[in-house]
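Participant:
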Ligand SMILES: [Zn+2]
């Protein structure tokens, strides 16, 4: 099989995925005249979920394009906010539990697996429920079955939250979802939740909500200030929208 070289440049936000050699200005990469550009980019280590525009000699191409020797390729990152083919719903892998709770706190529909069900099962759920798979596992993000996927760039939950909110701009509706199970909260009066509360709570707080799915009781005044700060910061930066009526 004939071999040739292309000059390929990655956008700075993709440098986290490539080695030192590929970070240089247009390093040469061998191509075989049969592999697609998508395969070439992925084999260098960049998940295609993170790739925006692909340019060959200045003109846009798709991932099925087969590069030939002598071409100059430019690989750009995704544009933020990134459009999705449907509503912004998410599925998080086992390592992103804190991020899952924070997204639910903001009312974002977030499924989370607290046990490791394996990459094939996660990818199948992403496809079946049309959820964006969020992960720091590049192997998982390479799975073709995914409805959509995104690499989570930081290992710190606060930075992960800003990363996801700025990337997908999901509508925020704080205090409308159960942080434990992702169920939708409904208002509940004091009488209906009596007996499920500590005595002090019953005396001090009047606004109650309960999870329609798991029955967990919530009361607004008792939220830890750290949670309130997460909500306030997110709403200040990304805005709040009325929850969708279903
Ligand atoms: Zn619940």
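Numbering (the numbering used here), first residue to last: 284 to 529.
Even glycine gets a Cβ: it sits at the ideal position worked out from N, Cα and C.
Apart from the five residues just before and just after residue 393, which ones in its own chain have a Cβ nearer than 7 Å to its Cβ?
Facilitator: Only 373, 375, 383, 386, 387, 465 meet the Cβ criterion.
Participant: Skipping 5 residues on each side, what residues in its chain have a beta carbon closer than 6 Å to that of residue 300?
Facilitator: Around residue 300: 328, 329.
Participant: Please go through the same chain and pick out, in chain order, the residues whose beta-carbon is closer than 6 Å to the beta-carbon of residue 378, but skip the five residues on each side of it.
Facilitator: Around residue 378: no qualifying Cβ.
Participant: What is the chain-ordered set of residues for which the beta carbon lies under 6 Å from any non-hydrogen atom of ligand 1?
Facilitator: Qualifying residues come out as 461, 463, 464, 466, 494, 496, 497, 499.
Participant: DSSP three-state call for residue 526: helix, strand or coil?
Facilitator: Because the pLDDT at residue 526 is just 47, under 50, the model does not fix this residue reliably, and the value given afterwards should be weighed accordingly. Residue 526 falls in the coil class under three-state DSSP.
Participant: Classify residue 470 as buried or exposed, calling it buried when 16 or more other Cβ atoms lie within 10 Å of its own Cβ.
Facilitator: Answer is exposed; the Cβ neighbour count stays below 16.
Participant: What is the rounded straight-line gap between the Cα of residue 289 and the Cα of residue 324?
Facilitator: Computed Cα separation, rounded: 12 Å.
Participant: Please classify residue 291 as buried or exposed, where buried requires at least 16 neighbouring CB atoms within 10 angstroms.
Facilitator: Label assigned to residue 291: buried.
Participant: What did DSSP end up calling residue 404 once you bin it into helix, strand or coil?
Facilitator: Residue state, collapsed to three classes: helix.
Participant: Could you check the C-alpha separation between residue 315 and residue 322 for me, to the nearest Å?
Facilitator: If you take the alpha carbons of residue 315 and residue 322, they lie about 11 Å apart.
Participant: Mind pulling the beta strand (DSSP E) runs of 3 or more residues that sit fully within the segment 361-445?
Facilitator: Taking only runs of at least 3 residues, the beta strand (DSSP E) segments lying wholly in the segment 361-445 are 373-375, 393-395, 415-418, 431-434.
Participant: Roughly how many whole angstroms lie between the Cα atoms of residue 311 and residue 304?
Facilitator: Distance between the alpha carbons of residue 311 and residue 304: 9 Å.
Participant: Can you tell me whether residue 320 is helix, strand or coil according to DSSP?
Facilitator: Here residue 320 sits in helix by DSSP.
Participant: Pick out whichever of 513, 516, 479 has its Cα sitting closest to the Cα of residue 502.
Facilitator: Of 513, 516, 479, the residue nearest in Cα terms is 479.
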